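As structure tokens, the structure follows; a few thoughts come after it.
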Amino acid sequence: MAEGVDTPTAILAHAAAALREHPFDDISYRTLGDAVGVSERTVYRHFPTRSHLLEGLAGWIEATEFPFPPFVTMGQFQDAARARFHAFDSSPAFAFVCARAATISPTGEAEPTFFTRALVAMLATNHPSLNERDLRRVAAALRYFASAPFWARMRTGFDMSAAEMEDVFDHTVAQVLGDRWRASETEMGASRRDGR
Amino acid sequence: MTVPATSDADAQAASDVSRTQEAILAAYAELIEELGTDDVSFRLIARRAGVGERTVFRNYPTRVDLLLATAAWIEQRIFPRQESTSIFDTPLAIRAAMESYDQRPELAHVVAETTMRGISGAAPSPRRARLEQMIDAEIPSLGRAERIAIVAALSHLDSAATWVTFHREFGMSRRDIADAAAWAAEAVLDPVRSRVG
């Protein structure tokens with residue numbers, strides 16, 4: 001265990017390690033307490049329900065295993081999403097935990113993730129003429145097809161590998177962006193020419 | 001311990017539950033809406049269903065068994081789909097589904113989460129076969145890659161996880177979620193609109 005780590009973080013790190021051997025539902029609070037050297041009650045104090053534990057664990061996994069690289073263009077966003085499908089494929093147990101945590105009834109105030117805010121900002125910057133409704137519809141669709149739940153559904157329901165889901169993702173992104181995508185490509189081409 | 005239920009078994013289970021099982025599943029669904037999934041004991045479920053606690057255990061040996069059976073029952077009974085006859089009806093079906101999820105948020109979360117558990121969870125694409133059937137009948141000329149891309153995208157959109165994501169990540173209202181999901185489905189279908197027959 002790394003030094004100087006606070007108790008909740010230590011609990012989450014142990015839970016993540018345990019995921020390599022057991023499904024999430026079989027990881028007990030008692031085992032976690034024993035592993036960290038605190039009482040079961042202390043584990044409960046930090047994670048009052050299994051939903052809290054699932055959310056905390058997914059947050060820890062997202063940050064340490066599946067960080068979403070910063071993106072400011074649509075191309076960078078798509079590359080990052082595709083890379084993450086491959087990262088999910090190499091650690092499926094972690095990815096399923098993220099997919100589950102993204103869909104459970106939230107334990108606290110539901111807030112958009114940083115990823116969502118970055119995506120909305122990227123779209124608003126690159127497509128300033130997009131009206132508010134279209135902006136949100138595009139952002140919502142892109143966000144949803146770049147998510148762990150998308151990976152989980154494609155893997156379980158369609159037996160797809162990351163490479164195969166990339167095709168579904170790319171196809172959907174192209175359709176959702178429609179003419180806007182081609183328009184922005186032209187704009188980018190035009191500004192590049194102007195700059196010369 | 002039981003063998004983990006397969007997706008097919010789940011679908012099967014939902015369609016032919018006994019009257020006792022129906023009472024148990026309905027009771028658990030009710031209690032989930034009142035208390036969440038965590039705090040509901042088998043004893044409380046038994047009492048609400050009007051059966052003995054042992055009857056609950058006999059039908060659903062573990063909490064996971066019970067949760068998966070309840071999720072399947074909720075999809076079937078609380079969020080039923082009107083059967084589409086054309087692939088181009090799916091955006092309408094998706095719109096209606098989003099509106100019904102929005103009316104029962106706790107249950108929508110249960111349905112969404114249980115499909116995210118891999119092969120030991122609930123079937124994540126229960127309407128895949130139907131979508132394939134419709135698309136093959138209406139657009140037989142469609143290439144393999146495009147066919148799977150459309151079916152997979154529509155399956156993803158026609159699910160409780162869509163409602164959860166749009167609600168949580170974008171704070172959308174019922175109307176906006178229904179609109180955004182149906183709009184995305186229309187966009188997915190756009191390139192094949194004129195290729196029927």
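So the protein lines, in turn, are chains A and B. Mapping to our numbering: the first sequence position 22 is 22, numbers consecutive. Mapping to our numbering: the second sequence position 176 is 176, numbers consecutive. Don't be surprised by glycine CBs; every beta carbon is placed ideally from N, CA and C. On a predicted model such as this, the values are computed, not experimentally measured, just so you know.
Around the C-beta of Ile94/B, 16 or more other C-beta atoms lie within 10 Å, and the residue is accordingly described as buried.
Only residues of its own chain outside the window of five on either side were considered, and among them Ala46 have a CB closer than 7 Å to the CB of Gly52/B, listed in chain order. Here the alpha carbon of Phe115/A sits roughly 7 Å from the alpha carbon of Phe68/A. Think of a sphere of 8 Å around the beta carbon of Ala180/B: the chain A residues whose beta carbon falls inside it are Arg136, Arg137, Ala140, Ala141, in chain order. By the neighbour-count criterion, in which a residue is buried when 16 or more other Cβ atoms sit within 10 angstroms of its Cβ, Leu31/B is buried. Taking Pro149/A as the centre and dropping the five residues before and after it, the same chain places the C-beta of Ala99, Ala102, Thr103 closer than 8 Å to its C-beta, in chain order.
Ranking Phe57/B, Pro124/B, Val196/B by CA distance to the CA of Trp151/A puts Pro124/B first. Excluding its 5 nearest sequence neighbours in each direction, Ile87/B has C-beta neighbours in its own chain below 6 Å: Met134, Ile135, Glu138, listed in chain order.
The Cβ-Cβ distance between Ile61/A and Phe96/A does not fall below 7 Å.
Put simply, of Asp89/B, Ala69/B, Tyr101/B, Asp16/B the residue whose alpha carbon is nearest the alpha carbon of Phe79/B is Tyr101/B. Annotation for Tyr144/A: Phe150 place their beta carbon closer than 8 Å to its own, counting only its chain and skipping 5 residues before and after. Taking a C-beta distance under 7 Å as the contact criterion, Met98/B and Ile150/B do not qualify as a contact pair. Taken through DSSP and simplified to helix, strand or coil, Met172/B comes out as coil. Uninterrupted alpha helix (DSSP H) stretches at least 4 residues long and entirely within the region 50-99 of chain A occur at 50-64, 74-90, given in chain order.
With a contact defined as Cβ atoms closer than 8 Å, His109/B and Val192/B miss out at about 33 Å. By the Cβ neighbour-count rule, Asp158/B is buried, with 16 or more other Cβ atoms within 10 Å of its own. Burial check for Glu75/B: the Cβ neighbour count within 10 Å reaches 16 or more, so the residue is buried. Under the DSSP assignment, Tyr29/A falls in the alpha helix (DSSP H) whose first and last residues are 29-36.
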